[in-house]
Amino acid sequence: MEFSDDIVFTILNFLREKSAYELLSFHYSDIPGGFSNQQIDFHLRYCRDSGFVEGQLSADGIMALAYLTPLGTIHLQAKDNMTTQPEISKSAAIDLLTTSVNAISEIRGKSTDSPEFIEWKRDTEISISRIFGEGGRNLDDFKGISYHPTMFFVDDSNSESYHRSFLLGLSRAEATLKSMIREIERFWVRDEQESSSPDSPSTVEAFHVVASSVFQENRFVLNERLVFMLSPFGKPFDTIFANHIRPTVEKIDKLICVRADNIYDNQPVIDDIWRLTNEARIIISEFTNKNANVFYETGLAHAIGKEVIPITQSMDDVPFDLRHRRCIVYEHTPEGVDKLKDDLTNTITSILNRTNPSRPSL
Numbered sequence: 021m022e023f024s025d026d027i028v029f030t031i032l033n034f035l036r037e038k039s040a041y042e043l044l045s046f047h048y049s050d051i052p053g054g055f056s057n058q059q060i061d062f063h064l065r066y067c068r069d070s071g072f073v074e075g076q077l078s079a080d081g082i083m084a085l086a087y088l089t090p091l092g093t094i095h096l097q098a099k100d101n102m103t104t105q106p107e108i109s110k111s112a113a114i115d116l117l118t119t120s121v122n123a124i125s126e127i128r129g130k131s132t133d134s135p136e137f138i139e140w141k142r143d144t145e146i147s148i149s150r151i152f153g154e155g156g157r158n159l160d161d162f163k164g165i166s167y168h169p170t171m172f173f174v175d176d177s178n179s180e181s182y183h184r185s186f187l188l189g190l191s192r193a194e195a196t197l198k199s200m201i202r203e204i205e206r207f208w209v210r211d212e213q214e215s216s217s218p219d220s221p222s223t224v225e226a227f228h229v230v231a232s233s234v235f236q237e238n239r240f241v242l243n244e245r246l247v248f249m250l251s252p253f254g255k256p257f258d259t260i261f262a263n264h265i266r267p268t269v270e271k272i273d274k275l276i277c278v279r280a281d282n283i284y285d286n287q288p289v290i291d292d293i294w295r296l297t298n299e300a301r302i303i304i305s306e307f308t309n310k311n312a313n314v315f316y317e318t319g320l321a322h323a324i325g326k327e328v329i330p331i332t333q334s335m336d337d338v339p340f341d342l343r344h345r346r347c348i349v350y351e352h353t354p355e356g357v358d359k360l361k362d363d364l365t366n367t368i369t370s371i372l373n374r375t376n377p378s379r380p381s382l
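Counting in our numbering, the sequence shown runs from 21 upward without gaps.
Okay, structure coming up:
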């Protein structure tokens with residue numbers, strides 16, 4: 021079977037086959053502007069791993085197909101016939117995941133060793149396996165969430181550090197589970213008694229959503245509580261972050277503030293920086309000393325539409341084309357740091373209120 025041109029039409033016809041397929045090859049001649057071999061390889065992996073099951077084609081697989089079909093021809097080979105519906109109904113799947121999401125608030129004050137957390141994590145993994153199957157990205161995504169400090173964060177090895185990492189892990193778990201719920205709502209057909217045809221409006225509507233999202237390269241879930249700090253490392257920036265910026269941010273509306281400790285020629289770490297940049301609700305960029313890595317990461321954050329708060333000890337360190345943006349200027353003195361904390365609090369509060377109009381003012 022080949023896919024090309026009309027994404028909605030070809031995928032709907034593909035679903036009617038009621039079979040599972042595996043990716044054989046992908047052929048293209050010229051890569052249009054804005055595309056790269058790396059991007060194509062990224063989406064080919066999702067095509068290969070997504071399952072291609074009638075009635076339950078994963079969101080990643082759909083996105084990969086939507087991305088690739090304008091570029092060339094995908095060749096697939098039938099593997100075997102599959103059931104048209106998962107064993108669990110759509111509504112029951114949503115209920116199971118919603119139960120896991122709601123339980124998170126009850127375990128925020130616990131730890132990874134607590135019986136409540138262990139039971140919640142195991143129950144959630146069982147639910148995901150029952151809904152999506154033993155293999156697949158959804159279960160891997162959930163199992164891959166860390167609730168402990170990692171080498172990527174500058175932090176002290178103390179109880180406060182471990183609890184902060186625990187809360188960050190729970191926030192990521194909550195966002196991941198909510199993403200799974202949205203996947204079911206968008207891409208699963210209705211419960212069997214409501215709809216048995218892939219031509220139902222809900223299915224067509226879901227694929228139009230996909231077709232309009234062709235250029236979303238990665239699947240990242242926004243963490244509403246995450247503030248990501250981009251800054252140089254070493255003195256005085258380690259102290260400014262640990263003693264002033266992070267405590268100030270984390271006093272606001274249950275936010276979590278992290279900073280990346282990275283080596284920029286280490287590709288896996290760069291991937292982690294990119295993930296955190298995508299997941300964060302707000303980015304704080306320290307421009308003092310004109311650090312090239314901070315400039316690079318800030319440019320990526322601006323490119324994907326993130327809320328960025330620039331801070332600096334001198335406007336001379338701010339790139340010329342960013343000087344029109346509001347920037348917090350501070351001095352590294354007791355009075356200057358106090359002003360930085362006040363300005364950060366006011367700026368973050370303003371962003372939270374502006375990006376969530378229903379939220380009461382802090």
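By construction, the Cβ of each residue, glycine as well, lies at the ideal position given by its N, Cα and C atoms.
Taking F240 as reference, the option from N298, F261, I331, K274 with the minimal CA-CA separation is N298. Here DSSP, grouped into helix, strand and coil, assigns P330 to strand.
With a cut-off of 8 Å on Cβ pairs, the region 259-277 is in contact with the region 358-375, counting three or more such pairs. The residue among E244, N309, W294, K255 with its C-alpha nearest the C-alpha of C277 is E244.
Residue pairing for S125: DSSP places it in no beta bridge. The Cβ-Cβ distance between I124 and I151 does not fall below 8 Å.
When DSSP assignments are scanned along the region 129-166, the uninterrupted stretches of alpha helix (DSSP H) that are 4 or more residues long and fall wholly within it turn out to be 135-152, 157-163. Counting along the chain, no alpha helix (DSSP H) covers F248; the unbroken beta strand (DSSP E) around it starts and ends at 243-250.
Bounds of the alpha helix (DSSP H) holding E317 are 312-323. Going by beta carbons, L117 and H264 fall outside the 8 Å limit.
Looking at the DSSP output, S305 sits in a beta bridge with L250, P330. Around the beta carbon of K110, 16 or more other beta carbons sit within 10 angstroms, so the residue counts as buried.
Ranking E317, L242, V349 by CA distance to the CA of T332 puts V349 first. Here A300 is not near F253, since their CB atoms are 8 Å or more apart. The beta carbon of G356 sits closer than 7 Å to those of Y350, all from its chain and outside the five residues before and after it, given in chain order. Of all alpha-carbon atoms in T375, S251, W208, D336, the one lying nearest the alpha-carbon of T318 is that of S251. The DSSP-derived three-state label of I108 is coil. For R279, DSSP records a beta bridge to M249. T119 is not a Cβ neighbour of D161, given a cutoff of 8 Å. Approximately 11 Å separates the beta-carbon atoms of V328 and F307; this is outside 8 Å, ruling out the contact.
The residue among L320, S147, S179, P267 with its C-alpha nearest the C-alpha of I293 is L320. By the neighbour-count criterion, in which a residue is buried when 16 or more other Cβ atoms sit within 10 angstroms of its Cβ, R266 is buried.
The C-beta of K255 has fewer than 16 other C-beta atoms within 10 Å across all chains shown, which makes the residue exposed. In this structure S191 is buried. Its beta-carbon is surrounded by 16 or more other beta-carbon atoms within 10 angstroms. For S179, the number of other beta carbons within 10 angstroms of its own is below 16, and it is reported as exposed. For D115 and I201, the gap between their C-alpha atoms comes out near 9 Å. Secondary structure of I371 (DSSP, three-state): helix. Between I148 and L159, the C-beta gap is smaller than 8 Å, which places the two residues in contact. The three-state secondary structure of I272, taken from DSSP, is coil. Here A113 is actually not in contact with I260; their C-beta atoms are around 46 Å apart, not less than 8 Å.
Approximately 11 Å separates the beta-carbon atoms of R128 and L188; this is outside 8 Å, ruling out the contact.
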